[in-house]
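Enquirer: Chains as they are written, first to last, in the working numbering: chain A, 1 to 629; chain B, 1001 to 1297. Shown below is the structure under consideration.
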Ligand SMILES: Nc1ncnc2c1ncn2[C@@H]1O[C@H](COP(=O)(O)OP(=O)(O)OP(=O)(O)O)[C@@H](O)[C@H]1O
Ligand SMILES: [Mg+2]
């Protein structure tokens, strides 16, 4: 297959096939030049609007009354509009910006325009709703509203690429007419088309870049990622955070539809060691980028839940065993560490293990517990296993509650738990104290964040190495087809038990740090489902949301599920409700999770080696005018 | 298709002609239904044995009894003289590998990974070795991969090694099942309808493949409805009807046996297990056309 040069392809709008995909007639029938002009005009109007005042009063979060420079949510609109405009220019063929859309499809532009529209309209409607009516809008607000609409309309007038197997327009059209809601259905159909799969995108091979340039790109992207993350965390109001989320989520989706993410993935795969080193360095830089204990605490908590979710991913994602009581293993680790921490409330208040010994003890105890629970239950399949693990999870909490010296022997101090767990001290470095490194100060939570980072790295290594080995393959084989796996010589019970015990040990390891970070352990968090994070349902949701069987998926999922409710304070009462809605949406629209498994990506035929017709990267080498149609 | 299968001959192969598999008095009951009635079967090394019979005769059930997926109600299965425990993974370890009538690949694993899973019993590396990744691990992993690639080359799938199993066309999925089974270095391979759903060319290729496997010293027991395939291939054919072994012998013997033809057409025959459902008798016309077809082959 040869890629058509851009100019030629654009002439053949409604006809078939650049990139092996079908090119569709646009949603709004406009000549191509008019569509482009509309898009760009919309971007310009929207950008201009962010320099105007959107409302009269300063009551709205982020002060949108200032003319002359953007503030609060206007910044989100500005970023969205600039990004859309720039990417559109590149897609339209402006030399120097073409690299922004390596796949040469308009799908990304549509999604970016959607991101801009989403955040702008959200802001305008939020102003009207919060302050009581449209009267509170300044002309700038209306300009923004119209500008974003024009931008989106322009993007809808561009022809999209779509996967050849998606239903044709006509089918959607028929469906729409039949149901009498054709506009809505067609709109939905268009959005679906904007969603080209990763593997369907044909992009120039980024690995042809100069090696050093490749590495520079990796560094810049990671640094930018950290910057975007801290920017989001620093937003003061829920409203602004929502605008931020809209731009970020739909914007990343748009850039990925344009092929940038795929190229970046090529780069990281080509420079594996380098990019993981940069990744680790970026993670280390996090507490330095924000010298703020609150965020360091957030970071440490995210790493704890993320690590535990990754451990659960071995059991659920790789081996396919639904474990609904997994948080109990975190509890075993935490209680073990608390008992040997030297806390005055521990029955062995005199003994204080060094951290490495406490960590081993926590892992060991969780492992033993895992084998004890696994041995009788792993002979069960499917639903039975889920029910039994659910029961065992609750049993753990109830036992711990009752080992208080009244209902049972005094071990765990019952509902009061073990308090006053002293801070860890590793090689004389007391994690409870504030240390200064150069001009930075590392507070208590920053210290624990860094310790947790080490543990997360260990768990990631264990996960990836185990998954890519004889035992890991046998786990996946069991997940895929247990009968066939046993017929291939796999002792199903044994390898499932190993997965269960390994998952439990990793949770136990995280638990030992958890006990010290929170200073005390009590039985209550170790429930199946609750509104405070480490509970089994939360962990499971993190795995499913992020992507089963992947490394970064559960960590990302845990981070999102932990951070978003913290930033959206109004959710507090509806957290579980929002949680449920989010899971339903994910199951409906992206069952493979945010980060799809490599196996899912392979699902569509893919050729790893670049096809001979593929363009090398870089604009100058693209023959823009040679006819290819 | 290459006919060299890279195979380290197991010591017992030297004793060619010896008994590999011996099933004695196997009975399998599901509640009131007896799916396999007192079946005896032997497979000697170097042999290709066919197992035929009408739908629902109990062939697959018998395979499941042999491989430990079902625990036979009565009877024993022994391999190379030792009685097999009814545990699938131990049966595979002992040296019997199988394929499934309804393909059971690991759909979301790559072709290569599927074959690597087949090597499970012949490799040792555990969790600890996987995490530490010492030189031993890399060596074993490399050896496994090489062997798996050789098997893929043998079955003609080498260029699809990195594809997902689910994306293979039907015929290649069946071949992959065979490659995966071979990866466990079996002495006896059980094939359950290996050509079901294949076109004539693919069936021919499968025939070649089975011969090539036999030439490597692996005995084959094959279930198939394609009579031409069976009679071309097999040294010996056993006919199973309503759970009972009706006839056993060379292709000619079986082909010309009245009772077999009758059984395929549902005609009652002497000594048939007096059965609950009265199967309608076929007309003479049907019988003659079928036997003609079979003679054609
Ligand atoms: N697990 C089971 N429980 C109950 N009955 C079963 C079970 N497995 C098989 N049977 C029954 O046993 C009989 C034999 O089935 P089997 O699958 O062995 O036939 P087969 O000879 O392989 O047929 P085919 O040629 O169609 O594959 C059938 O009547 C079937 O319904
Ligand atoms: Mg069958």
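Glycine included, every Cβ here is placed at the ideal spot set by N, Cα and C. In this text the structure is predicted, and so the values were computed from the model without any measurement.
Can you tell me whether residue 91 of chain A sits near ligand 2, meaning its C-beta is under 7 Å from at least one heavy atom of the ligand?
Expert: Not so, every heavy atom of ligand 2 lies at least 7 Å from the Cβ.
Enquirer: Collect the residues with a C-beta less than 6 Å away from any heavy atom of ligand 1 and give them in sequence order along the chain.
Expert: The filter returns B:1030, B:1033, B:1035, B:1053, B:1055, B:1056, B:1057, B:1058, B:1059, B:1060, B:1061, B:1101, in chain order.
Enquirer: Indicate whether at least one CB of chain B lies closer than 8 Å to the CB of residue 473 of chain A.
Expert: At least one chain B Cβ lies under 8 Å of residue 473 of chain A.
Enquirer: Kindly list the residues whose CB is nearer than 8 Å to the CB of residue 344 of chain A, restricted to its own chain and excluding five residues on each side of it in sequence; keep chain order.
Expert: Counting only Cβ-Cβ distances below 8 Å, and skipping sequence neighbours, we find 420.
Enquirer: Is residue 426 of chain A helix, strand or coil when you go by DSSP?
Expert: Note: residue 426 of chain A maps to strand in three-state DSSP.
Enquirer: Just to confirm, does residue 1223 of chain B get its C-beta within under 7 Å of one of the non-hydrogen atoms of ligand 2?
Expert: Correct: residue 1223 of chain B has its Cβ closer than 7 Å to ligand 2.
Enquirer: Which residues of the region 1110-1122 of chain B have a Cβ closer than 9 Å to any Cβ of chain A? Give them in chain order.
Expert: Against chain A - using a Cβ distance shorter than 9 Å - the residues of the region 1110-1122 of chain B are 1110, 1113, 1114, 1116, 1117, 1118, 1119, 1120, 1121, 1122.
Enquirer: Does residue 1018 of chain B come within less than 8 Å of chain A when only Cβ atoms are used?
Expert: So no, residue 1018 of chain B is outside the interface.
Enquirer: Residue 493 of chain A and residue 379 of chain A: beta carbons closer than 8 Å?
Expert: In contact: residue 493 of chain A and residue 379 of chain A (Cβ atoms closer than 8 Å).
Enquirer: Could you run through the region 484-504 of chain A and flag, in chain order, every residue whose CB is less than 8 Å away from some CB of chain B?
Expert: Residues 484, 485, 486, 487, 488, 489, 490, 491, 492, 498, 502.
Enquirer: Does DSSP classify residue 607 of chain A as helix, strand or coil?
Expert: Interpretation of residue 607 of chain A is limited by its pLDDT of 40, a score under 50 that renders its predicted location unreliable; no figure is taken from the coordinates.
Enquirer: In the DSSP assignment, find the unbroken beta strand (DSSP E) run with residue 1245 of chain B in it and report its ends.
Expert: First-last of the beta strand (DSSP E) with residue 1245 of chain B: 1244-1249.
Enquirer: Pick helix, strand or coil for residue 1225 of chain B, following the three-state DSSP scheme.
Expert: Note: residue 1225 of chain B maps to coil in three-state DSSP.
Enquirer: Which residues mark the beginning and the end of the beta strand (DSSP E) in which residue 118 of chain A is found?
Expert: From DSSP, residue 118 of chain A is part of no beta strand (DSSP E) but of the alpha helix (DSSP H) over 107-131.
Enquirer: Below 8 Å on the Cβ atoms is my contact criterion, and I expect residue 1051 of chain B with residue 1221 of chain B to pass it. Report the Cβ-Cβ distance as a whole number of Å.
Expert: Confirmed, about 6 Å.
Enquirer: Go ahead and pull the three-state DSSP assignment for residue 1138 of chain B.
Expert: Residue 1138 of chain B: helix per DSSP, three-state reduction.
Enquirer: Have a look at residue 154 of chain A and residue 1166 of chain B and give me their C-alpha separation to the nearest angstrom.
Expert: Between residue 154 of chain A and residue 1166 of chain B, the C-alpha separation is close to 41 Å.
Enquirer: When every heavy atom of ligand 2 is checked, does at least one fall within less than 7 Å of the C-beta of residue 1226 of chain B?
Expert: Incorrect: residue 1226 of chain B has no Cβ contact closer than 7 Å to ligand 2.
Enquirer: If you reduce the DSSP assignment to three classes, tell me which class residue 1019 of chain B lands in.
Expert: If DSSP states are grouped into helix, strand and coil, residue 1019 of chain B belongs with the strands.
Enquirer: Is the closest heavy atom of ligand 2 to the C-beta of residue 481 of chain A under 7 Å?
Expert: Flag unset: Cβ of residue 481 of chain A not near ligand 2.
Enquirer: Given that a residue counts as buried once 16 or more other Cβ atoms are within 10 Å of its Cβ, and exposed if not, what is residue 1177 of chain B?
Expert: Flag for residue 1177 of chain B reads buried.
Enquirer: Grab me the residues of residue 1024 of chain B's own chain with a C-beta within less than 7 Å of its C-beta, minus the 5 sequence neighbours each way, in chain order.
Expert: So the list reads 1040, 1075, 1076, once near-sequence residues are dropped.
Enquirer: Can you tell me whether DSSP reads residue 1256 of chain B as helix, strand or coil?
Expert: Looking at residue 1256 of chain B - three-state DSSP - the assignment turns out to be coil, as it is neither helix nor strand.
Enquirer: Identify the continuous alpha helix (DSSP H) that holds residue 1191 of chain B and give its terminal residues.
Expert: Element bounds for residue 1191 of chain B: not the alpha helix (DSSP H) but the beta strand (DSSP E), 1188-1192.
Enquirer: Taking 7 Å as the cut-off, does the CB of residue 1159 of chain B come closer than this to any heavy atom belonging to ligand 2?
Expert: Result no, Cβ not under 7 Å from ligand 2.
Enquirer: Is residue 1192 of chain B near ligand 2, with its Cβ less than 7 Å from a heavy atom?
Expert: True, at least one ligand heavy atom lies under 7 Å from that Cβ.
Enquirer: Kindly indicate which three-state DSSP category residue 1078 of chain B falls into: helix, strand or coil?
Expert: DSSP places residue 1078 of chain B in strand when its eight states are reduced to three.
Enquirer: Tell me, please, whether the region 1182-1192 of chain B touches the region 1096-1111 of chain B by the rule of three or more beta-carbon pairs shorter than 8 Å.
Expert: Yes: at least three Cβ pairs fall under 8 Å.
Enquirer: Does DSSP put residue 246 of chain A in a helix, in a strand, or in coil?
Expert: In the structure shown, residue 246 of chain A sits in a helix (DSSP, three-state: H, G or I).
Enquirer: How many Å lie between residue 460 of chain A and residue 597 of chain A at the Cα?
Expert: So the two alpha carbons sit approximately 16 Å from each other.
Enquirer: Anything in chain A within Cβ reach of residue 1125 of chain B, meaning under 9 Å, just list it in chain order.
Expert: Ordered by position in chain A, the residues that pass the 9 Å Cβ test against residue 1125 of chain B are 469, 470, 471.
Enquirer: Using 10 angstroms around the beta-carbon of residue 384 of chain A, count the other beta-carbons present and answer buried if the total reaches 16, otherwise exposed.
Expert: Exposed, by the Cβ-count rule.
Enquirer: Pull up the distance between the alpha-carbon of residue 608 of chain A and that of residue 206 of chain A, whole angstroms please.
Expert: Note that residue 608 of chain A scores a pLDDT of 39, beneath 50, so its modelled location is shaky; the value from the coordinates is reported in the next line. Rounded to whole angstroms, residue 608 of chain A to residue 206 of chain A spans 13 Å at the Cα level.
Enquirer: Return the first residue and the last residue of the alpha helix (DSSP H) that residue 571 of chain A is part of.
Expert: Unbroken run through residue 571 of chain A: none, as it is neither H nor E.
Enquirer: What are the boundary residues of the beta strand (DSSP E) that residue 1040 of chain B is part of?
Expert: Residues 1033-1044.
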